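Residue numbers (UniProt numbering): 1 to 194.
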């Protein structure tokens with residue numbers, strides 16, 4: 001397990017009493033939230049990938065190699081946290097649809113489907129979430145800096161020096177907004193999720 005995966009799991013362990021599973025690939029799923037659905041989990045932390053798996057994706061999607069994000073995938077293959085109020089893209093290794101398979105949204109497909117005109121060479125879409133009832137996308141530039149952009153207005157909102165800094169900041173912002181049953185409080189930007 002990587003240090004990034006350990007850091008995240010330590011921050012979200014308060015929901016382990018709702019359910020915890022470690023999958024064969026090392027992925028951790030934490031906190032069943034049946035009020036959202038019979039198979040719903042509050043957190044999914046995807047295990048890091050091998051360098052070979054990342055190199056295969058870069059070969060298929062060369063633009064990914066222009067950015068530092070592949071280095072982060074060696075630490076964590078993306079995540080869905082707080083019922084997807086915070087999510088980071090990863091590399092899907094399978095497209096089978098089974099309740100026992102937990103994989104991230106794919107960085108290649110998501111970039112093809114969601115990139116704004118004019119950002120296609122300057123930034124890589126690496127994730128997103130909600131902030132004050134707005135959908136935001138997290139974009140990484142070639143230096144590794146991550147910025148949040150409001151999806152509708154396309155205004156830049158926040159900036160972090162790295163993906164790890166973004167994760168710690170956003171997890172700490174969301175932690176107090178969810179109760180121990182995995183329900184979002186009324187002030188939570190993702191309160192519509194639970």
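Beta carbons are placed, not taken as given, at the ideal position from N, Cα and C, and that holds for glycine. Bear in mind that the values here come from a model prediction, so they are computed numbers and not experimental data.
Residue span of the alpha helix (DSSP H) that contains residue i, given as start and end
| i | result |
| --- | --- |
| residue 91 | Looking at the DSSP string, residue 91 is not in any alpha helix (DSSP H), and its letter there is neither H nor E. |
Integer-rounded CB distance, given that residue j should sit under 8 Å from residue i
| i | j | result |
| --- | --- | --- |
| residue 94 | residue 103 | 6 Å |
| residue 83 | residue 36 | 6 Å |
| residue 108 | residue 61 | 4 Å |
| residue 128 | residue 137 | 5 Å |
| residue 1 | residue 19 | About 19 Å; that fails the 8 Å criterion. |
| residue 56 | residue 80 | At roughly 23 Å, the Cβ-Cβ gap does not stay under 8 Å, so residue 56 and residue 80 are not in contact. |
Burial state of residue i, where buried means 16 or more other Cβ atoms lie within 10 Å
| i | result |
| --- | --- |
| residue 140 | buried |
| residue 10 | exposed |
| residue 157 | exposed |
| residue 75 | buried |
| residue 59 | exposed |
| residue 194 | At residue 194, the pLDDT of 33 sits below 50, so the modelled position is not reliable and the matter cannot be decided from this model. |
| residue 106 | buried |
Where the beta strand (DSSP E) through residue i begins and ends
| i | result |
| --- | --- |
| residue 21 | 20–22 |
| residue 158 | 156–160 |
| residue 138 | 134–140 |
| residue 264 | This structure cannot speak to residue 264, because the chain is shown only from 1 to 194. |
| residue 39 | Neither: residue 39 is in no beta strand (DSSP E) and is coded neither H nor E. |
| residue 147 | 146–150 |
Whole-angstrom distance between residue j and residue i, CA atom to CA atom
| i | j | result |
| --- | --- | --- |
| residue 21 | residue 31 | 9 Å |
| residue 54 | residue 179 | 36 Å |
| residue 135 | residue 155 | 12 Å |
| residue 164 | residue 38 | 31 Å |
| residue 110 | residue 8 | 23 Å |
| residue 4 | residue 88 | 13 Å |
| residue 122 | residue 40 | 35 Å |
| residue 72 | residue 186 | 33 Å |
| residue 46 | residue 12 | 14 Å |
| residue 92 | residue 153 | 30 Å |
Minimum Cβ-Cβ distance from residue i to chain C less than 8 Å
| i | result |
| --- | --- |
| residue 72 | Here there is only one protein chain, and chain C is not present. |
May I have a chain-ordered list of the alpha helix (DSSP H) segments no shorter than 4 residues that lie completely inside the segment 49–93? Runs found: 51–60, 69–73.
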